[in-house]
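This report concerns only the one structure given below.
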Amino acid sequence: MNTTLPTECAPAERAAPAELQRQAGAVARGLGLDRVTGTVPVLLMILNAQRQIVYANPAVLKLLNLEDPQQICGTRPGEAFHCVRAAHAPGGCGTSIHCRTCGALQAIQSAQRGEGDLRECRIATVEGGAMDLRVWATPVEFNGEAFTLFSVQDISDEKRRRALERIFFHDIMNAAVGLRGLSELLEKGSPEDSTKFRSMMHDLAGKLIEDIQSQRDLANAENKDLVVHPAEVKTGDLAGGVVDLFQSIALAHRVELAAESVTDVILTSDKVLLRRVLGNLVKNAIEASRPGDRVTVSCRVDESGVQFEVRNPAVIPQEIQ
-14 MNTTLPTECA PAERAAPAEL QRQAGAVARG LGLDRVTGTV PVLLMILNAQ
36 RQIVYANPAV LKLLNLEDPQ QICGTRPGEA FHCVRAAHAP GGCGTSIHCR
86 TCGALQAIQS AQRGEGDLRE CRIATVEGGA MDLRVWATPV EFNGEAFTLF
136 SVQDISDEKR RRALERIFFH DIMNAAVGLR GLSELLEKGS PEDSTKFRSM
186 MHDLAGKLIE DIQSQRDLAN AENKDLVVHP AEVKTGDLAG GVVDLFQSIA
236 LAHRVELAAE SVTDVILTSD KVLLRRVLGN LVKNAIEASR PGDRVTVSCR
286 VDESGVQFEV RNPAVIPQEI Q
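Mapping the sequence shown onto my numbering, position 278 (from 1) lands on 263, and the numbers just tick up by one.
Quick look at the structure:
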């Protein structure tokens, strides 16, 4: 056993190569797993006490574009799925400080204590992608030796839809509450204020319509039915327009919002979709800021193209990172 590797979370030691091959061969032969799991689309793995894969069914190999199960035998789940945390930790999967909040590791550790567990986790991959997973871990025993039956389901689409729905209903509720508040002010306010309140209600109603259209476009994108409308867009006008649109929200949060260092060029894009993307970045930055913070929108051009950037001083909490 190798006990020299450092860890900030779960034990880093691994089974010796000969022991690993013995376990893999015994499990595959003794349980006849390919006859049971070879035709099902569920991702199934069996892990040893060191959290290493000693069996992976054909569905796992297909997902990872592998032909030979020996290619992942001895790796841990995060290593097999190219988790960026596993790649950067000297001890591999489960040994970095970030692994302390990993649902997959927590489920495996529960199974190793004799308790089946169901968790969710999000894996950021070294290729720059991300996967949302639902994982099951169940303790199993074979010839007196403890293993973990580990099953994985990709729920990225489900999580994305749920997140988009939450954002949509949050925005719709905010707009509806704002309209009601303005209508009450219009009813009780002075004649001098009525013009201002009517203008604000008109703008807010337009924002409400745009939110509904945005949700429709997102649904079309999910169904691969979205039609884009490329047109010339001036980056200066776009950035300034988004800042103006969210200025009232920034004021309500007591946050300063400004466009700065905007390189004004003309690009070709779908103006409505681009404005929504940039607007969502600005809104998230405002909502994550504290009173007195400053949020900036900038735009620059380099060899890769046109880049918009939204900055705020807040830091993503460690457990979310």
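We put the beta carbon where it would ideally sit given N, CA and C, even for glycine.
Of all the options Asp202, Pro124, Arg85, Glu130, which has the alpha carbon lying nearest to the alpha carbon of Leu307?
The question about residue 307 has no answer, for the chain in this structure spans -14 to 306.
Residue ranges of each beta strand (DSSP E) run of no fewer than 3 residues wholly in the stretch 116 to 168, ordered along the chain?
130 to 139
Where do the N-terminal and C-terminal ends of the alpha helix (DSSP H) with Phe182 fall, by residue?
176 to 207
Residues near Thr(-8) by beta carbon distance below 7 Å, same chain, minus five either side:
Gly76, Thr80
Inter-residue Cα distance where the pair is Pro176 and Arg151:
38 Å
Using C-beta distances below 8 Å, list every residue in its chain close to Gly174, excluding the 5 sequence neighbours before and after it, in chain order.
Phe182
Please name the residue or residues paired with Thr281 in a DSSP beta bridge.
Ala243, Arg296
Are the stretch 232 to 252 and the stretch 191 to 211 touching, with three or more C-beta to C-beta distances below 8 Å?
no
Endpoints, the beta strand (DSSP E) within which Val308 is located:
Nothing in the structure corresponds to residue 308, since the chain is present only between -14 and 306.
Whole runs of the alpha helix (DSSP H) within the stretch -2 to 53, excluding any shorter than 4 residues:
2 to 16, 18 to 22, 43 to 48
Go ahead and label Leu103 buried or exposed: buried means 16 or more other beta carbons lie within 10 angstroms of its beta carbon, across all protein chains shown.
exposed
Helix, strand or coil, according to DSSP, for Gly77 in the structure here?
coil
Within the continuous alpha helix (DSSP H) that includes Leu252, where are the two ends?
Premise fails: Leu252 lies in the beta strand (DSSP E), 251 to 255, not in any alpha helix (DSSP H).
Can you find the residues in the same chain that come closer than 6 Å, C-beta to C-beta, to Arg296, ignoring five residues on each side of it along the sequence?
Thr281
How about Ala131: is its C-beta nearer than 7 Å to some C-beta of chain B?
The structure shown has no chain B; it contains just one protein chain.
Locate the alpha helix (DSSP H) running through Glu64, then write down its first and last residues.
62 to 65
Mapping DSSP to helix, strand and coil, what is Arg275?
coil
Please determine, among Leu193, Ala204, Val250, the residue with the shortest C-alpha to C-alpha distance to Val291.
Val250
Less than 7 Å between the C-beta atoms of Val218 and Leu266, yes or no?
no
Give every residue of the same chain whose Cβ lies closer than 6 Å to the Cβ of Arg119, excluding the five residues on either side of it in the sequence, and list them in chain order.
Glu105, Gln138, Ile140
When the Cα atoms are used, what is the spatial distance from Ser61 to Gln6?
Looking at the sequence provided, one finds Arg at residue 61 rather than Ser. Taking the straight line joining both Cα atoms gives about 15 Å.
Report the option in Ala34, Leu259, Leu90, Val300 whose CA atom is closest to the CA atom of Gly129.
Ala34
Provide the residue span of the beta strand (DSSP E) that contains Ala109, from first to last.
102 to 109
For Ala67, I'd like the list of residues in its chain whose CB is within less than 6 Å of its CB, leaving aside the five on either flank, ordered along the chain.
Note on identity: in this sequence residue 67 is His, with Ala being the wrong assignment. Thr110, Val111, listed in sequence order.
Name, in chain order, the residues that DSSP records as bridge partners for Gly290.
Asp287
Among the residues of its own chain, which have a CB less than 7 Å from the CB of Lys192, if the five just before and after it don't count?
Ala160
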